[in-house]
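Residue numbers (the working numbering): 666 to 829.
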C-alpha cells in the first residue's frame with residue numbers, strides 16, 4: 666500500500682482558532698442578560714435558563730463544528746473515498762471545545778483564564794488536525810491520529826460523566 670501525507674489547510678485552521686479565541690475574549694468582557702423559559706411538558710413544569718456561560722458554550726460548539734467541517738472539506742479525498750461519513754468527525758472537536766470552554770470560564774484569575782483560552786485554541790486545533798489525518802487510511806500518520814482520537818474520546822467521556 667502506498668502511503669501519502671496530505672497537508673492540512675493552515676489558513677482555514679487558523680481562521681477557526683482565531684474565531685474561537687475572539688469569542689472567548691469577547692464573552693469575558695460582555696455580560697449578556699440571562700433568559701429563562703417556563704415550559705410544560707407532559708404535565709411537568711420545566712425551566713430552561715440560558716446564562717452567559719451557556720450561550721458561550723453553545724456558540725463555541727457551533728463555531729467549532731462548522732469550522733471543523735470547513736477544514737475537513739479541504740481534504741483531497743473528501744468527494745471520492747472516505748472511510749466514514751464526514752459529519753462523524755465533528756463530534757470530538759465540538760465536545761472538546763464545549764467542555765474546555767466551560768472549565769476555563771470557571772476560573773476567576775485573569776492569568777489562569779488567559780492560559781486556558783490559549784489552551785482551548787491549541788486543543789481544538791490538535792483535534793481538528795487529528796481528524797483531518799484520520800480521514801485517509803493511506804496516510805502515514807493514520808494510526809497515531811486514530812490512537813490520539815480514541816484516547817481523546819475516552820477522556821472526554823470520563824470528564825463529561827464526572828461533570829454530570
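Even glycine gets a Cβ: it sits at the ideal position worked out from N, Cα and C.
Item: Own chain, CB closer than 8 angstroms to residue 804, minus 5 neighbours either side, in chain order; Value: 668, 669, 670, 671, 798 and 810
Item: As assigned by DSSP and simplified to three states, the class of residue 796; Value: helix
Item: Residues of its chain near residue 710, where Cβ-Cβ distance is below 8 angstroms and the 5 sequence neighbours each way are ignored; Value: 703 and 704
Item: Cβ-Cβ separation, residue 699 to residue 716 (assumed contact under 8 angstroms), whole Å; Value: 5 angstroms
Item: Contact belief for residue 821 with residue 764 at Cβ below 8 angstroms, rounded distance in angstroms; Value: 6 angstroms
Item: Rounded separation between residue 792 and residue 759 - CA only; Value: 10 angstroms
Item: Inter-stretch contact (C-beta, 8 angstroms, three-pair minimum) for the stretch 690–697 and the stretch 726–736; Value: no
Item: Buried versus exposed call for residue 688 [16 or more other C-beta atoms within 10 Å across all chains shown]; Value: buried
Item: Under the three-state DSSP convention, the category residue 720 falls into; Value: helix
Item: Beta carbon of residue 693 nearer than 9 angstroms to that of residue 701; Value: no
Item: Alpha-carbon spacing of residue 827 relative to residue 678, whole angstroms; Value: 30 angstroms
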